[in-house]
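Quick notes on the structure that follows.
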Amino acid sequence: MNQSQSMNQSPVATPAEPLEYQPGPGVLDDVRDASGALKPGWDYLLGSIGNLGAAAMRQREQKARRILRDDGASYNIYGKPGSASNSWALDPVPYVIDSEDWARIEAGLVERSELFNLILRDLYGPRDLIRHGALPPEALFSHGGFLRACQGMQIPGEHELILHAVDMVRQADGSMCVLSDRTQAPSGAGYVLENRTVMSRVFPSLYRDSHVHRIASFYQRLRLKLSSLSPSGDIPRIALLTPGAHNETYFEHAYLANYMGLSLVQSGDLVVRNGCLWMKSLDGLKRVEVLLRRVDDEFCDPVELRPDSRLGVPGLLEIVRNGRLVIANPLGSGVLENAILLKYLPNIATQLLGRELRLASVQTYWAGDDRDLAHIVQNIDQLIIKRAWRAGGHASVYGGDLDASRRQALLADIHRHRYHYVAQPRLAKPCIPAFSGTALEPRPKLLRTFAVATDSSYMVLPGGLTRIATATDGQFISMQEGSPSKDTWITASEPERILQADLAEDSPRSVPETQANSLPSRVVENLYWMGRYAERAEASMRLLRTVFVLLNGEDPISPEAQRILLQTVSETTYTLPGFTTASPEQLADPEQELLQIVRDGNRSGSVRSTLESMLRAAEESKESLSTDTIRVINDLRDALDDLDADLVGGLASAPEEALDPLVTALAGLSGLTQESMIRGVGWRFMDMGKRIERALQTITTIKGLMTPVGGEADQGTLLTAMLTAMEALMTYRRRGRERRGMELGMELVLLDPSNPRSLIFQLARLEEHLQELPRSDPAAGELDEEARALLEATSTLKLSRLPHLLQISGHTRPEMNTLMTQLGALLREFSRCISDKHFDHRSGPQQLFGTIRGVG
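Per this note's numbering, the sequence shown runs over residues 363 to 1218.
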């Protein structure tokens, strides 16, 4: 049973199970104050959830999971076997903070962001903090996040730090303590928005009656701030730079890009030309003036920073230096993630702000300081040891968890690399209630929230991303370890005044027309291949289902007809050599090979491999797909996960039924793209891919089944197989009341313009699409290469005569074979020309070159 099926089942009726939250003795509780009374907001929340009961909460939890799944919300856990995409985990009990408490936290966060903005400007400017002794020079120059190439580079205006994220934990006295700051490419804001969208749908009354502060204005403010950074002063093209679909937080990259109307780009979508940054789109190069990056500093420019990076754009730093591009956050801002700063932050705040910070930071010991080093050595069993900057392969460790040999090895490394290590006490994390499926259990939690620069100061997101441990006694909270998340509710005593911009938090922001009408070539190419792979998988499964039915049918088929069918399966699925070189014994017992063609993901051309390729292409173009399309894609992924279990029993257990959910989901996907997708350039290329692949599959099937000539019974079997696989058998039977036979069957699949699966239908649709694509400017009257190939294919097919094609010579139909070979070659040439011109830019539209030459 797949996930969507299990979610749609009604839970078994059970007696009402009241839900009470009793954390028990010894648990640090964030729900009650020092006197033991429930904090404001929690009494109403816990009372409402308690009245719902466990059974109703399970239903709400299932609904939340279903919404997250339908939205495609995922968090990719590196190194986890199986699918790379993992569903985002959301606990249905929100974390509540009342407005009065939040006002104190908010004031401290604004102050902290202002301080870090000043620190960033100083470290890449005059460095007064070092000259005046507030920060040791070793703390800066030994840090991996300090980029000397960024010295002197500043964003116009008052703010260098555009987006600032802070991880906090509540202390026993009720105050918040900051554990770390995220300033390079802070993640999580997109998940906050998704969590809020889900919770407002799952608990609409509870959400409304709790007077929760809305968060939409934060994202609007971020969009406005990015627009204000335009070097030219005009409305800029803003792009969000993502490492790609395999990044752990790729879902939120696509989600935020869609929500705020940004172009989602990868490094290959961008190029530096004539001192500016350009996005390679289908209709030419489009200048990008503001870049919101989700790629870490050192990977952004392989020329000046990390030469082995494939995530950045060569020459990016130079155009930033010249003022032609603004990046948020600016390159080099990773220096603020220096944990050593926490040790010196009180003195730095006094020097830059003239006062101490409202929010304390966790006590930090730096091994570069002699006294701190001695403390670390003496108390390593009670300290968390970590690198001063985040780096792969250097996870934090708790000294008390190490055996003697590992502890000695760590101490030796600390002495060798003193400037690289810090130590912090292990703070107890207070607990809040989480739903376990049957009860409310206490779980330790962390809160991450965000601040965005405004014209004068900073605006703090009224809420944040709360993460909880997987168990009551778990102190290690990490999304990479599967820690669930919570929505964070900042509650007021009365309804919040609603601004017009906040009316629909899950509605997309308006997108400038010039930005909405162009897509990166990479996205269009992935849509094209998504269409091709979807059609290839569907055609393969339709033929396989037909073969399974014929092999298991009551009417026996001859060994020769079975050989032709099986060889056509290998040729159509591209799983060569397969049955084309099989011995008579292997052809007589085809079960193992057929099942491998269906489920072997490591075999190119198999059903699983083709569908996985389609899913990857869909993931890479996710920002262009509707919610309903993503829902169907998730259905496909679920059905694919269940494929092996459904095939148990082999050919003896009707394997064609195992393919039915996949075929149905692909048919649903095809219907959505035809009926619910705007006829923009993305849809056009997706449909072109579908038409090209359907034409090639039709040609291969006809060539495999209709070119060989056998006995009359075999001819009937093969014709029936072809018409069944192409969904034309019922039409053939209806029309066959007047005439039947090979000629009618071939007319249906080759020349019938009313049959959406006929070859002529595909060529006509491709001609329509070709007329709408950007064109180069060849000599007057001269056709482009792709137009020439398509015209030749269409003319050749229309000029063919069925009686001539069906003529037999020996045991084949040579004219049929020649025509199919010729048409296949022309369609592949057409596909190559389309790819070269629009994806690889080997022969780009004239507009592209005109744009490059016109750059000043």
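Built from N, CA and C at the ideal position, the CB exists for glycine as well.
| message | Suppose the cutoff is 6 Å on Cβ atoms and the five residues either side in sequence are ignored; what does the same chain contact list for Leu591 look like? | response | Position 229 of the sequence shown, counted from the start, is the residue given in the question as residue 591. Cβ neighbours of Leu591 beyond the five flanking positions: Val652 and Val688.
| task | Please name the residue, chosen from Lys1065, Asn1117 and Lys1199, that lies closest to Phe1047 on a Cα-to-Cα basis. | result | In the sequence shown, the residue the question calls residue 1047 occupies position 685. The shortest C-alpha separation from Phe1047 is found at Lys1199.
| What number of angstroms, rounded off, separates the C-alpha of Gly1078 from the C-alpha of Met1068? | Reading the sequence shown from its first residue, position 716 is the one you call residue 1078. Reading the sequence shown from its first residue, position 706 is the one you call residue 1068. Roughly 10 Å between the two C-alpha positions.
| request: Decide yes or no for the touch test of the region 830-845 against the region 560-580: beta carbon pairs closer than 8 Å, at least 3 of them. | output: no
| Does any heavy atom of the ligand FMN sit closer than 8 Å to the C-beta of Gly519? | Looking at this structure, you won't find the ligand FMN or any other ligand, since it has none at all.
| message | Are the CB atoms of Trp450 and Glu556 within a distance shorter than 9 Å? | response | In the sequence shown, the residue the question calls residue 556 occupies position 194. In the sequence shown, the residue the question calls residue 450 occupies position 88. In this structure, Trp450 lies closer than 9 Å to Glu556 by Cβ.
| said: Looking at Thr1063: is its Cβ nearer than 9 Å to the Cβ of Leu1168? | reply: On the sequence shown, position 701 is the one that residue 1063 refers to. On the sequence shown, position 806 is the one that residue 1168 refers to. No, the pair does not count as a contact, with Cβ atoms beyond the cut-off.
| If you count every other CB in all the chains shown that lies within 10 Å of the CB of Leu491, and 16 or more means buried, which is it? | As a first step, residue 491 must be located in the sequence shown, where it is residue number 129. That one is buried.
| message | For a quick check, are the C-beta atoms of Leu704 and Asp659 less than 9 Å apart? | response | Within the sequence shown, residue 704 is the residue found at index 342, counting from 1. Within the sequence shown, residue 659 is the residue found at index 297, counting from 1. Contact: no.
| task | For Phe1123, count neighbouring Cβ atoms within 10 angstroms of its own Cβ and tell me buried if that reaches 16, exposed if not. | result | Numbered from its first residue, the sequence shown carries residue 1123 at position 761. It counts as buried.
| task | Mind the definition here: the region 498-513 touches the region 708-725 only if three or more C-beta pairs lie below 8 Å; say whether that holds. | result | no
| request: Please go through the same chain and pick out, in chain order, the residues whose beta-carbon is closer than 6 Å to the beta-carbon of Ser920, but skip the five residues on each side of it. | output: Working through the sequence shown from its first residue, we reach residue 920 at position 558. Counting only Cβ-Cβ distances below 6 Å, and skipping sequence neighbours, we find Asp1076.
| request: For Ala446, I'd like the list of residues in its chain whose CB is within less than 7 Å of its CB, leaving aside the five on either flank, ordered along the chain. | output: Within the sequence shown, numbered from 1, the residue matching residue 446 stands at position 84. Caution is warranted here: a pLDDT of 43 is assigned to Ala446, below 50, making its placement in the model unreliable, and the coordinate value is therefore given only provisionally. If we look at Ala446 and ignore the five residues flanking it on each side, its Cβ neighbours are Asn438 and His608.
| Where the beta strand (DSSP E) through Ala601 begins and ends | To locate residue 601, count along the sequence shown from 1; it is residue 239. Where Ala601 is concerned, the enclosing beta strand (DSSP E) stretches over Ile600 to Leu603.
| query | Distance, Cα to Cα, Arg1119 vs Leu1085? | reply | Along the sequence shown, read from residue 1 onward, the residue named residue 1119 stands at position 757. Along the sequence shown, read from residue 1 onward, the residue named residue 1085 stands at position 723. Taking the straight line joining both Cα atoms gives about 10 Å.
| task | With DSSP as the reference, please indicate the residues paired to Thr853 in a beta bridge. | result | Along the sequence shown, read from residue 1 onward, the residue named residue 853 stands at position 491. Thr853 is bridged to Asp460 and Val574.
| query | With 16 as the cutoff for other CB atoms within 10 Å, does Ile1040 come out buried or exposed? | reply | Along the sequence shown, read from residue 1 onward, the residue named residue 1040 stands at position 678. The residue is exposed, with fewer than 16 neighbouring Cβ atoms inside 10 Å.
| field | Helix, strand or coil at Glu1129 [DSSP, three-state] | value | In the sequence shown, the residue the question calls residue 1129 occupies position 767. Of the three classes helix, strand and coil, the one that applies to Glu1129 here is helix, per DSSP.
| query | Whose C-beta lies closer than 6 Å to the C-beta of Thr935 among residues of the same chain, with five residues either side of it excluded? | reply | The sequence position of residue 935 within the sequence shown is 573, counting from 1. Correct list, in chain order: Ser902, Ile959 and Gly967.
| task | Within its chain, find whatever has a CB closer than 8 Å to the CB of Tyr581; leave out the 5 residues flanking it on each side and keep chain order. | result | To locate residue 581, count along the sequence shown from 1; it is residue 219. Only Ala551, Leu555, Leu618, Tyr621, Met622 and Arg871 meet the Cβ criterion.
| request: State the CB to CB distance for the pair Arg656 and Ala796, rounded to an integer number of angstroms; the pair is presumed to be in contact (CB under 8 Å). | output: For this step, residue 656 is matched to residue 294 along the sequence shown. For this step, residue 796 is matched to residue 434 along the sequence shown. Actually they do not touch by this definition, with Cβ atoms about 29 Å apart.
| Where the beta strand (DSSP E) through Ser643 begins and ends | Numbered from 1 along the sequence shown, position 281 holds the residue referred to as residue 643. That run of the beta strand (DSSP E) goes Cys638 to Ser643.
| If you draw a straight line from the alpha carbon of Trp891 to that of Tyr1094, how long is it in whole angstroms? | Taking the sequence shown and counting its residues from 1, the one referred to as residue 891 is at position 529. Taking the sequence shown and counting its residues from 1, the one referred to as residue 1094 is at position 732. Approximately 32 Å, taken between the alpha carbons.
| said: In whole angstroms, give me the CA-to-CA distance for Asp1146 and Arg649. | reply: Counting from 1 along the sequence shown, the entry for residue 1146 is found at position 784. Counting from 1 along the sequence shown, the entry for residue 649 is found at position 287. Going by the C-alpha atoms only, they are around 28 Å apart.
| query | Around the C-beta of Pro787, are 16 or more other C-beta atoms found within 10 angstroms, so that it is buried, or is it exposed? | reply | In the sequence shown, the residue the question calls residue 787 occupies position 425. Classification of Pro787: exposed, given that the 10 Å Cβ count is below 16.
| Backbone secondary structure at Val356 - three-state DSSP | Examination of residue 356 is not possible in this model, given that the chain is present from 363 through 1218 alone.
| query | Per DSSP, Gln786 is paired with what? | reply | For the purposes of this step, residue 786 is taken as residue 424 along the sequence shown, with counting starting at 1. Ile746, per the DSSP bridge assignment.
| Going straight from the alpha carbon of Arg778 to that of Lys748, what length do you get? | Numbered from its first residue, the sequence shown carries residue 778 at position 416. Numbered from its first residue, the sequence shown carries residue 748 at position 386. Straight-line Cα distance between these residues: approximately 15 Å.
| request: Kindly say whether Leu773, judged by its beta-carbon, lies nearer than 9 Å to any beta-carbon of chain C. | output: Protein chain content of the structure displayed is limited to a single chain, and chain C is not contained in it.
| said: Tell me the DSSP secondary structure of Met903 in three-state form. | reply: The count along the sequence shown starts at 1 and reaches residue 903 at position 541. Met903 falls in the helix class under three-state DSSP.
| field | Candidates Gly630, Val969 and Thr545, of which the one nearest Arg898 by Cα | value | Within the sequence shown, residue 898 is the residue found at index 536, counting from 1. Among Gly630, Val969 and Thr545, the Cα nearest to that of Arg898 belongs to Val969.
| query | Can you name, in chain order, every residue of its own chain whose Cβ lies under 7 Å from the Cβ of Phe1201, other than the five neighbours on each side? | reply | Walking along the sequence shown from the start, residue 1201 turns up at place 839. Ser883 and Glu887.
| Separation of Arg999 from Pro488, as counted between CA atoms | As a first step, residue 488 is located in the sequence shown; it is residue number 126 there, counting from the start. As a first step, residue 999 is located in the sequence shown; it is residue number 637 there, counting from the start. Spanning the two alpha carbons is a distance of roughly 54 Å.
| request: On a CA-only basis, which of Thr611, Glu614 and Arg599 is nearest Leu632? Give me that one, please. | output: On the sequence shown, residue 632 is found 270 positions in, with the first residue counted as 1. Looking at the Cα atoms, Arg599 is the closest of the given residues.
| task | Would you check if there are 3 or more beta carbon pairs closer than 8 Å linking the region 525-534 to the region 730-746? | result | no
| field | Run of the alpha helix (DSSP H) containing Val657, from where it starts to where it stops | value | Within the sequence shown, residue 657 is the residue found at index 295, counting from 1. No alpha helix (DSSP H) contains Val657, which DSSP labels as neither H nor E.
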